[in-house]
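Trainee: -4 is the number of the first residue of the sequence shown in our numbering; add one for each residue after it. Pasting in a structure now, in structure tokens, and then I'll have a few things to ask.
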Amino acid sequence: MTRAAVFDVDGTLTDTNHLHVTTWWEAFRQAGHQVPMHAVHRAVGLGAEDLVEHLLGPDRDRSGDAAISAAHKTLYGTYSDRLPALPDAGRLLRTLAARGWTVVLATSAGGAELTALRRAIDADDAVTAVAGAEDTEEGKPAPDPVRHALELAGAPADRSVFVGDTVWDMKAGTRAGVTCVGLLCGGIPRADLLDAGASALYADPADLLAHLDDSPLGGGAA
């Protein structure tokens, strides 16, 4: 029976969370909103619409939302040719694929941004499918992105693992019924990830790879 290893991308496989913090902060500033960077950091991992909603609240003037998202996209896009993968991110995906896992990416990124992220990871040969931002009506922390990833993999939740770096990732995976693994490289505190449903924590992809046999992703080919 197929088993899926589902991965978030930003902050999990690529060292991009703080780029998002800076560029979202600047996008809000340009629109006249003073949003603290620590608040932006805790919101990274949400889709653009949900992030703006989370940080500005439901009673805001929504007429400026599209401009804020567009400004973030433009600012972040200036880094697209030098987005850094985290250590051993690609090697981790290839190792899992070689061991019989169906590897799927579940991300709120899309379009040119997703292309740049995949180029940075450089492991497309190990990735079976991508559940992108445009594929579901609701993003994380709703379970929809993870469930869609499982559909693409053809794998049941009880034989699947979701690896992410944010509270939103852990909540989405838990609601989808999969085992959740948290990585600390996105900058979210250990306790927050555990409270949100992480069953195991590792520093980054390299640490997970080094301890793979003892992790929820351990074992040989199915």
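All residues carry an ideal CB built from backbone N, CA and C; glycine is no exception. Keep in mind it's a predicted model, so treat the numbers as computed, not measured.
What ranges does the alpha helix (DSSP H) occupy inside the region 11 to 44, keeping only unbroken runs of at least 4 residues that lie completely in it?
Mentor: With a minimum length of 4 residues, the continuous alpha helix (DSSP H) runs that stay inside the region 11 to 44 are 12 to 25, 32 to 38.
Trainee: Can you tell me where the alpha helix (DSSP H) holding Leu178 begins and where it ends?
Mentor: For the purposes of this step, residue 178 is taken as residue 183 along the sequence shown, with counting starting at 1. No alpha helix (DSSP H) holds Leu178; the beta strand (DSSP E) holding it covers 174 to 178.
Trainee: By DSSP, does Ala195 sit in helix, in strand, or in coil?
Mentor: Mapped onto the sequence shown, residue 195 falls at position 200. DSSP places Ala195 in strand when its eight states are reduced to three.
Trainee: Quick check: what's the CA-CA separation for Ala193 versus Thr174?
Mentor: Along the sequence shown, read from residue 1 onward, the residue named residue 193 stands at position 198. Along the sequence shown, read from residue 1 onward, the residue named residue 174 stands at position 179. Taking the straight line from one Cα to the other gives about 8 angstroms.
Trainee: May I ask you to report which of helix, strand or coil DSSP gives Ala150?
Mentor: For this step, residue 150 is matched to residue 155 along the sequence shown. Looking at Ala150 - three-state DSSP - the assignment turns out to be coil, as it is neither helix nor strand.
Trainee: May I have the straight-line CA-CA distance separating Ala217 from Arg(-2), to the nearest angstrom?
Mentor: As a first step, residue 217 must be located in the sequence shown, where it is residue number 222. As a first step, residue -2 must be located in the sequence shown, where it is residue number 3. Reliability of the predicted coordinates at Ala217 is poor, the pLDDT of 48 falling under 50, and the value obtained from them is presented with this limitation in mind. So the two alpha carbons sit approximately 8 angstroms from each other.
Trainee: Do you know whose CA, among Ala205, Leu178, Pro140, Gln25, lies nearest Gly168's CA?
Mentor: Numbered from 1 along the sequence shown, position 173 holds the residue referred to as residue 168. Ranking Ala205, Leu178, Pro140, Gln25 by Cα distance to Gly168 puts Pro140 first.
Trainee: Return the first residue and the last residue of the beta strand (DSSP E) that Ala118 is part of.
Mentor: The residue labelled residue 118 in the question sits at position 123 within the sequence shown. Where Ala118 is concerned, there is no enclosing beta strand (DSSP E), given that its DSSP letter is neither H nor E.
Trainee: How many angstroms separate the CA atom of Leu189 from the CA atom of Gly6?
Mentor: Your numbering for residue 189 matches position 194 in the sequence shown. Your numbering for residue 6 matches position 11 in the sequence shown. If I take the Cα positions, the gap works out to 17 angstroms.
Trainee: So, are the CB atoms of Gly172 and Pro138 less than 9 angstroms apart?
Mentor: Residue 172 sits at position 177 when you count from the first residue of the sequence shown. Residue 138 sits at position 143 when you count from the first residue of the sequence shown. It is a contact, given that the beta carbons lie within the stated cut-off.
Trainee: With a Cβ-Cβ cutoff of 9 angstroms, do Leu87 and Ala198 count as a contact?
Mentor: Taking the first residue of the sequence shown as 1, we reach residue 87 at position 92. Taking the first residue of the sequence shown as 1, we reach residue 198 at position 203. Cβ atoms of Leu87 and Ala198: not closer than 9 angstroms.
Trainee: Could you say which of Arg37, Ser64, Met32, Thr97 lies nearest to Val47 if we only look at CA atoms?
Mentor: In the sequence shown, counting from the first residue as 1, residue 47 sits at position 52. For the residues Arg37, Ser64, Met32, Thr97, the minimum Cα distance to Val47 belongs to Ser64.
Trainee: Using the three-state DSSP reduction, which class does Asp83 fall into: helix, strand or coil?
Mentor: Position 88 of the sequence shown holds residue 83. Asp83 falls in the coil class under three-state DSSP.
Trainee: How long is the line joining the alpha carbons of Leu207 and Gly127, rounded to whole angstroms?
Mentor: For this step, residue 207 is matched to residue 212 along the sequence shown. For this step, residue 127 is matched to residue 132 along the sequence shown. Roughly 26 angstroms between the two C-alpha positions.
Trainee: Spatial neighbours of Trp19 within its chain, please: CB distance less than 6 angstroms, with the 5 preceding and 5 following residues excluded, ordered by chain position.
Mentor: Here residue 19 refers to the residue found at position 24 when the sequence shown is read from its first residue. Once the five neighbours on either side are set aside, the close Cβ partners of Trp19 are Val35, His67.
Trainee: When you compare only the Cα positions, how much space is there between Val30 and Met(-4)?
Mentor: The count along the sequence shown starts at 1 and reaches residue 30 at position 35. The count along the sequence shown starts at 1 and reaches residue -4 at position 1. C-alpha separation (whole angstroms): 47 angstroms.
Trainee: Leaving out five residues before and five after Gly85 in sequence, what residues of the same chain have Cβ atoms less than 6 angstroms from its Cβ?
Mentor: Residue numbering aside, residue 85 sits at position 90 when the sequence shown is read from its first letter. Contacts found: Ile116, Asp117, Ala118.
Trainee: For Lys166, which residues from the same chain have a beta carbon less than 8 angstroms from its beta carbon, with the 5 sequence-adjacent residues on both sides left out?
Mentor: Here residue 166 refers to the residue found at position 171 when the sequence shown is read from its first residue. For Lys166, where only same-chain residues beyond five positions count, the Cβ hits under 8 angstroms are Lys135, Pro136, Ala191, Gly192.
Trainee: Could you tell me the alpha carbon to alpha carbon distance between Ala124 and Arg185, rounded to whole angstroms?
Mentor: To locate residue 124, count along the sequence shown from 1; it is residue 129. To locate residue 185, count along the sequence shown from 1; it is residue 190. Going from the Cα of Ala124 to the Cα of Arg185 covers about 29 angstroms.
Trainee: Tell me where the beta strand (DSSP E) around Gly159 begins and ends.
Mentor: Position 164 of the sequence shown holds residue 159. Residues 156 to 159.
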